[in-house]
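See below for the structure under consideration.
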Amino acid sequence: MEQWRSLWQSTGLYRLDLPQTAMMLICLLLLYLAIRKKFEPLLLLPIAFGGLLANIPGVEIATGDGILRQLYEIGLATSIFPLLIFMGVGALTDFGPLLANPRTMILGAAAQVGIFATLLGALLLSDLGWFDFSLQQAAAIAIIGGADGPTSLYLASVLAPELLGAIAVAAYSYMALVPLIQPPIARALTSPRERAIRMSEQRHVRRIEKILFPLLLLLLTALLVPAAAPLLGMFCFGNLMRESGVVKRLSDTTQNSLVNIVTILLGLAVGSRLAADQFLVPSTLGILLLGLFAFATGTAAGVLMGKLMNRFSRNPINPLIGAAGVSAVPMAARTAHRLGEEADPENFLLMHAMGPNVAGVIGSAVAAGILIRLAA
Amino acid sequence: MEQWRSLWQSTGLYRLDLPQTAMMLICLLLLYLAIRKKFEPLLLLPIAFGGLLANIPGVEIATGDGILRQLYEIGLATSIFPLLIFMGVGALTDFGPLLANPRTMILGAAAQVGIFATLLGALLLSDLGWFDFSLQQAAAIAIIGGADGPTSLYLASVLAPELLGAIAVAAYSYMALVPLIQPPIARALTSPRERAIRMSEQRHVRRIEKILFPLLLLLLTALLVPAAAPLLGMFCFGNLMRESGVVKRLSDTTQNSLVNIVTILLGLAVGSRLAADQFLVPSTLGILLLGLFAFATGTAAGVLMGKLMNRFSRNPINPLIGAAGVSAVPMAARTAHRLGEEADPENFLLMHAMGPNVAGVIGSAVAAGILIRLAA
Amino acid sequence: MEQWRSLWQSTGLYRLDLPQTAMMLICLLLLYLAIRKKFEPLLLLPIAFGGLLANIPGVEIATGDGILRQLYEIGLATSIFPLLIFMGVGALTDFGPLLANPRTMILGAAAQVGIFATLLGALLLSDLGWFDFSLQQAAAIAIIGGADGPTSLYLASVLAPELLGAIAVAAYSYMALVPLIQPPIARALTSPRERAIRMSEQRHVRRIEKILFPLLLLLLTALLVPAAAPLLGMFCFGNLMRESGVVKRLSDTTQNSLVNIVTILLGLAVGSRLAADQFLVPSTLGILLLGLFAFATGTAAGVLMGKLMNRFSRNPINPLIGAAGVSAVPMAARTAHRLGEEADPENFLLMHAMGPNVAGVIGSAVAAGILIRLAA
Amino acid sequence: MENLVSQGMPLALFGIGIVFVFLCLLVLATRAMSILTGRFGPALGLAPENLADYPAPPAQVAAIIAAVTMHRQRMRARRATP
Amino acid sequence: MENLVSQGMPLALFGIGIVFVFLCLLVLATRAMSILTGRFGPALGLAPENLADYPAPPAQVAAIIAAVTMHRQRMRARRATP
Amino acid sequence: MENLVSQGMPLALFGIGIVFVFLCLLVLATRAMSILTGRFGPALGLAPENLADYPAPPAQVAAIIAAVTMHRQRMRARRATP
Ligand code: NA
Ligand code: NA
Ligand code: NA
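Residue numbers (this note's numbering), protein chains in the order written: chain A, 205 to 580; chain B, 205 to 580; chain C, 205 to 580; chain D, 11 to 92; chain E, 11 to 92; chain F, 11 to 92.
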């Protein structure tokens, strides 16, 4: 009799509370978006499934000695997983378009305005008393505007691990929503004629340039923003493996097995932060709002800088490619391309948008370094 | 002179004792079975080689700071390796046959009778004073009847790490011996006419069913047996990656690199528990006997349930597929198929046997959860 | 104002000191050699890049909680990475040529003279007061003469972790320089007629021989030099996976994903030991000198033993293949082959040189075991 | 003598009971799911079961490289047709 | 009330400033690199951009397996020519 | 002065000695193994050496075969141009 009662009390049915049920529904929604709507499935699927597991009552999965907790301690609390993913992103990145037209990097800088505007926004919300974000937390939230998954996870793991779950969900969701968020903003800020601007063909980039670029980038980082060196260092290492041509074995494994294995483990570890008691707090709402604001201001800043550069440049620049400066590789570049095609069906912006797009990755990693230095 | 003596005393020749020699011979036998007889070579080869290493005297390999000991602490003491393997098994499992004919799941439940009969058997041996198994140990031994490697290793790592070596050897050996153990039992309990029963063709299973099934299974686990959620959660995660179709990269890596790497490390870690002082103890004999008993009773229970279901079912059910309910994927399903073919050369049972076969995996994971809850 | 100053002081420009600048230049030189001259790029590229990162001032990368430091603690301080690499080397090694002509193993023994001569050399330099190497340090330096990367890293991690960076750089650089170091020595010690000696064709080796050889090697290690068992055990395990033919999945993954992933992480971890304060010390100079001496004496001893064996052998032996006994697989074997071709364009020594070449791997692992036993 | 066995008996009965209950419920839930998806799936846009549902291998660069190729071919075509 | 914002304002300006400075310097450095490698690259032997620059897959086994293959073919040839 | 060297000398002699002993024993053991498996292997069912026993060759071989071919072509070219 006693045993029956104890068993009944051990079931999930008995223990499940409302917040956990709500979180499970949220995770199922995220799974739906990942599978059916293909919202950044590579990370949202593991994150959402991890979130499901983290909200099962009566068993240690995301707590104590549970596997998700262990994965969190091994890979996220140490920042190892995001840095290895960033190495993989480096190995998957082709800097060709950027090297063909380096000045488009400025667009990748402009779009980071979103990060710092959001920093102020988060602090304002605290000043207004609506939320209670510390400077560190505000910085970790602001980086969502960097539109770069591993950078956001890295900064959150360093500055505000308690917000990691919400920041990850916001970052990856808005990255997936780029094709919905950016077009109205880009259209509002540009005339059809500007969107129809064709850009001149890109020059051929030599192999030696591609080999030297990651070294140059690392050197500049080391000299100016050492705090960004862990992120950009791993990124440049991945890219040098790719471009050097002498370690094809390592480059292939980095782009495939290694990055895939770490993605799975990272996703589950992030999912462990979707436990109801951590995620269903007011600050999550603030993070979701601020994340949207960050993407919007970043997009706007990129487009406006595009207009400015077009005015002062000899070769025409289509301001749409400024929107790609937020990163969200390659979604934002594709979105810019589609908007250009809409205005002129023969306009082919994709390659031109890839330059600011990857510059945006660099820009937000630099911003992350600055925020660590100033807020930590 | 002194140095010569100290050197001579450092050799294995000087230090090797009888138990270690015996263990080395046992490991060589296991290697022979793995290589020549193809006894579950993917795990028995690393386990047996690890066992060889663990019995080399005069050097820390499975002890102290030795690599096998470290692998054990990293992956087995934490349960991480078995759970990752189970994720891989999920990614390798096709639930199609089960979904086409869900009622065959009942056969996967029946075959778990072997587990609980063995639990009582182990306790009886203790009561008789022949062995001295605690309740936890009896539970860890009983799960051998689940005929599922990672589940056995997981439960042993949680409930009785001191028996892990013997349980692993018993589990994998008997799984390899399924084609020898099951036929006489299945033949004794069925008539040739029953074995010749043909089953109707399976219906087509839609993709959406395959996607929803792992979520359904996880939900039921969360509600009823949360203690099984680490195991079944990782299993369902692997299966969802496979069936969702949106993370092919991750699914492929899980099915290949990831599961292979973890298998190697897991095998070596298990091998570290084959050191003579841990393995050559009376309880090992008891474990081997009880393991055989577990497989036999599970097989019998599955077949008898098959006969029962056949009597009350509109569509004929061949009782042989009940034997596949023990799991031992895919060996037991193949064995059932071969017995059916023996009775009627045109009888094709393989697909029908795969249903109970994978249901047996679920059944023994549920049983493991219950045993953890009740025995821990 | 204050903030600006603090920021300026946080830049690398402000903090960079001369030793770090020098180390960065050295690392860039190593990268140049790896990429342009293809000096063992698989390890030198990650090591050199890790060295760059380790010398960035004002940020924790190779220190504190930095990622390179963590990789070092996880994989090098524990010896796990070198041992896993050695398992991979085992899986990549074909013992066929050795089994076809076992007596060429003697050449692999002779070339290890370089190790022990260097041990004495290092002790002599200490006695002379030029350097201050302890017995452990001398042993770790001497093993550079083994011309085998993972063995050197393993021994250094066990006996002299403080010298690991310099030993790694010396070992891999000289291995890459084998085509420059060996020819003058080999030519000086042989006549053109000796170099033109053709060797009789190798017999066919049966599969069973290839399967039994790693077991035989492990057994002998266990009986005679247990201290070498961690190294040779992992090596034999990799080789048995390869030759057994029953675990193709595991063997393929070991030869590719696994060894590549570990190579990347190992390289970065080794790079963390290239921080200026550890690398720019007098002992590094001593290590570089002694390393060269080790390669030279090993080569000479191998060639001389080749001459000796040729004198007393029924079948002719080309003394050049003795030079391959240092290991440096497969560079040294190719160098021997090229020297033979130089003397007689139709002389095909490659296969004959592979025997001593892989025997050299065994020989230096045995030597490492002895050094651990005697010096630890 | 039968101390442990009598302790274990309810545990065993209970355990096998739960296993049966669990799998029986799973049978029912699976059936319900199959029926519901079969009936409402098409309305929810889940039914059209064509292989196109499965996405092409989603390597991040894939699209980019494809685009480069396309871009170059277009440019070449443009130049070729003055 | 505006305590945090006023604290954050210089930080934000400063941050976006550094991002711009960094990327502008990177533009300049990249341009310089491209020009210098274009001018001096050929002299340094860096220019001849042919695929041969990329090495064949450097797997350690390469030489061994190759040699085995060759060896077997020789043996066969020898047997074939009595 | 020669403190460390005189300490290390026996160690070095001893070390190289063991390396030789080890590899000499390995030569003998290997020979014995080859002879025994050749004589008793067939009786133990170990001999039937068909290629099916061997796993498929590793995928990496392509480049190597290229190298062998190249080598052979060189040789042939050399022979062809006397
Ligand atoms: Na960005
Ligand atoms: Na089972
Ligand atoms: Na060697």
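In this text, a Cβ means the ideal position worked out from N, Cα and C, and glycines have one as well.
Hey, how far is the Cα of residue i from the Cα of residue j?
i, j, result
"LYS242/B", "VAL450/C", "7 angstroms"
"GLY495/B", "LEU489/B", "10 angstroms"
"SER517/B", "CYS34/D", "15 angstroms"
"GLY564/B", "GLY573/C", "48 angstroms"
"LEU275/A", "ALA315/C", "46 angstroms"
"ASP221/A", "LEU428/B", "15 angstroms"
"LEU493/B", "GLN224/B", "23 angstroms"
"ASN460/B", "GLU277/C", "28 angstroms"
"GLU244/A", "SER377/A", "7 angstroms"
"PRO65/D", "ARG453/B", "Unreliable placement is indicated for PRO65/D, whose pLDDT of 34 sits below 50; the coordinate value is still reported in the next sentence. Each residue's alpha carbon lies about 11 angstroms from the other."
"ALA532/C", "LEU272/A", "43 angstroms"
"LEU303/A", "ILE230/C", "27 angstroms"
"PRO430/C", "ARG219/B", "10 angstroms"
"ALA498/C", "ALA344/C", "12 angstroms"
"ASP269/B", "VAL474/C", "20 angstroms"
"PRO387/C", "GLY349/C", "17 angstroms"
"ILE28/E", "PHE253/A", "39 angstroms"
So that I know if they touch, is there some Cβ in chain F lying closer than 8 angstroms to that of residue i?
i, result
"ARG209/C", "no"
"ILE347/C", "no"
"ILE310/C", "yes"
"LEU246/C", "no"
Using a C-beta cutoff of 8 angstroms, does residue i count as contacting chain A?
i, result
"SER476/C", "no"
"VAL450/B", "yes"
"ASN460/C", "yes"
"ILE45/E", "no"
So which of the options has the shortest CA-CA distance to residue i?
i, options, result
"GLU447/B", "ILE230/B, GLY300/B and LEU288/B", "GLY300/B"
"ALA370/B", "ILE251/B, MET513/B, MET558/B and VAL507/B", "ILE251/B"
"GLU398/A", "SER210/A, ALA540/A, THR215/A and LEU249/A", "ALA540/A"
"ALA266/A", "PRO434/B, SER455/B, ALA500/B and GLY502/B", "PRO434/B"
"PHE537/A", "GLY526/A, ARG219/A and LEU368/A", "The sequence as given places Ala at residue 537/A; Phe does not occur at that position. Among GLY526/A, ARG219/A and LEU368/A, the Cα nearest to that of ALA537/A is on GLY526/A."
"ALA14/D", "THR308/B, ARG542/B and LEU327/B", "Just to set this straight, residue 14/D is Leu in the shown sequence, not Ala. Answer by Cα proximity: LEU327/B."
"TRP334/A", "ASN561/A, SER487/A, ALA505/A and VAL263/A", "SER487/A"
"LEU249/C", "ILE260/C, GLY216/C, LEU256/C and LEU235/C", "LEU235/C"
"SER455/C", "PRO534/C, THR297/C and ASN259/C", "THR297/C"
"ALA426/A", "ARG209/C, SER214/C and TRP208/C", "SER214/C"
Are the C-beta atoms of residue i and some chain C residue less than 8 angstroms apart?
i, result
"ALA374/B", "no"
"THR282/A", "yes"
"LYS242/B", "yes"
"SER568/A", "no"
"ARG49/F", "no"
"ALA360/A", "no"
Does residue i come within less than 8 angstroms of chain B when only Cβ atoms are used?
i, result
"ALA536/A", "no"
* Contact the stretch 456-474 of chain C vs the stretch 321-330 of chain C: 3+ CB pairs below 8 angstroms -> Contact fails: fewer than three Cβ-Cβ distances are below 8 angstroms.
* Are the stretch 348-364 of chain B and the stretch 283-299 of chain B touching by the rule of at least three beta carbon pairs closer than 8 angstroms? -> yes
* Is it true that the stretch 14-32 of chain D meets the stretch 413-423 of chain B, where meeting means three or more beta-carbon pairs spaced less than 8 angstroms apart? -> no
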